[in-house]
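Single-structure report; data block below.
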Amino acid sequence: MALFSASVPHPGEIWVVVRFLASQSGPVAYDTLRRFLEPHSRDPKKLGTVHYALAALRSLGLAEKSGDDQEWILTGALADLRSDDYAAFQGALRSAVLGLRGHQPAEIADDLRRALVWSLNRDPFSESFTWAIVEVHHQTDAPDGESVFLNGARWSPFTAWATTLGLGAPAPHIAQRYIPDCTRAVQQVLQKHLPADAPADAMDVLRLLREHLPVLPGGDISESSGYESPDDRAVGTALSFALMRGEHEKWLVMSSDSDAKQPIKLQDPERLSVRLCSSIMRQEIAND
38 MALFSASVPH PGEIWVVVRF LASQSGPVAY DTLRRFLEPH SRDPKKLGTV
88 HYALAALRSL GLAEKSGDDQ EWILTGALAD LRSDDYAAFQ GALRSAVLGL
138 RGHQPAEIAD DLRRALVWSL NRDPFSESFT WAIVEVHHQT DAPDGESVFL
188 NGARWSPFTA WATTLGLGAP APHIAQRYIP DCTRAVQQVL QKHLPADAPA
238 DAMDVLRLLR EHLPVLPGGD ISESSGYESP DDRAVGTALS FALMRGEHEK
288 WLVMSSDSDA KQPIKLQDPE RLSVRLCSSI MRQEIAND
């Protein structure tokens, strides 16, 4: 079973199951999950959303069943999840899909990782996608020449998973289109690993993001997929977009010191040449 299979629920449906499990004080019986989350199901033998959501979570190392009791608990990066912490749910899914925080890259997510690498090598400043556009213009863009997506039925699951992981987003300007906007994932990683209000070396921040989001250009998964970066300091367009969006939203401050030895190179469509950045600082955003 792969995450793009028709039987696997979209991540929004999986979140409903995860949230219910997280709200309980201990293991939850499978029949209880079905009774609360599938109240209209009359046939106890018919497999529905709860079954397939649990199967996907188990394959990702995020849930397990206790013996023959048919009781389920959250495990791995979801073990201590609060039922209202959607950002933590996103981070846990990313860890499982990308093989971080003790997780092995699950085979169930092979197609998703491959598609994410392709997407994050695209340009969100100037490109947005529908399946029709991908099928006609981009299906053989992968370095190995193989189809990026096996068929069109995988496009909708991909956009849903990428959005939930914070590594993609619906295009705000054109209906029904997708852009490789990884801003939310970048923001979450920096909130967790970069102290606020303390300037950090931009190259160190770039390495941090590639470590925790290895599907970005320059990351391990991206490079092992054949997308080699000729310049370690070059920030791909997708990550450049996310960093500059963070600057626009005022949770990042980026600056350039003319004496810096290793500034990173951002792609900025409003400039004729690359934008150099030697320092990045995260700022806390006050909640109204």
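Going by my numbering, the sequence shown opens with residue 38, and the numbers climb by one from there.
In this text, a Cβ means the ideal position worked out from N, Cα and C, and glycines have one as well.
Predicted model, so just to flag it, every value in this text is computed and none were measured.
Check the Cα spacing between Leu250 and each of Leu276, Gly263, Ala93: the tightest is with Leu276.
Straight across, the Cα-Cα distance linking Asp269 with Arg159 is about 18 Å. Among the bridge pairs identified by DSSP, Leu289 is matched with Arg319. Between Gln225 and Gly203, the gap from beta carbon to beta carbon is short of 9 Å.
Looking at the DSSP output, Glu75 shares a beta bridge with no other residue. Note that the segment 80-99 touches the segment 145-158; at least 3 beta-carbon pairs, one per stretch, sit closer than 8 Å. Here Arg282 is not near Thr200, since their CB atoms are 9 Å or more apart. Secondary structure in the segment 235-308: the beta strand (DSSP E) runs of 3 residues or longer, each lying completely within the stretch, are 289-292, 301-303 in chain order.
Look at the segment 95-132 and you find these whole runs of beta strand (DSSP E), each 3 residues long or longer: 100-103, 108-111. One thing to note: Arg214 has its Cβ within 9 Å of the Cβ of Thr167. Rounded to whole angstroms, the Cβ separation of Leu243 and Ile301 is 5 Å, and the two are in contact under 8 Å. Relative to Arg150, the option among Lys83, Glu260, Pro236 whose CA is nearest is Glu260.
Cβ neighbours of Trp155 within its own chain (closer than 7 Å, five residues either side excluded): Asp178, Ala179, Val185.
At a Cβ-Cβ threshold of 9 Å, Leu280 and Met318 do not count as neighbours.
In the structure shown, the three-state DSSP call for Phe166 is strand. For the pair Ser62 and Arg119, the Cα-to-Cα distance works out to about 11 Å.
About 17 Å separates the beta carbon of Ser310 from that of Ala239, a gap too long to meet the 8 Å contact definition. Taking 8 Å as the upper bound for CB-CB distance, Glu108 and Pro64 are in contact here, some 4 Å apart.
Around Leu303, the same chain offers Val272, Ser277, Arg312, Cys314 as residues with beta carbons nearer than 6 Å, after the five sequence neighbours per side are excluded. Linking Ser292 to Pro236 through their CA atoms gives a straight-line distance of about 9 Å.
One alpha carbon belongs to Arg138, the other to Ala114, and they sit about 7 Å apart.
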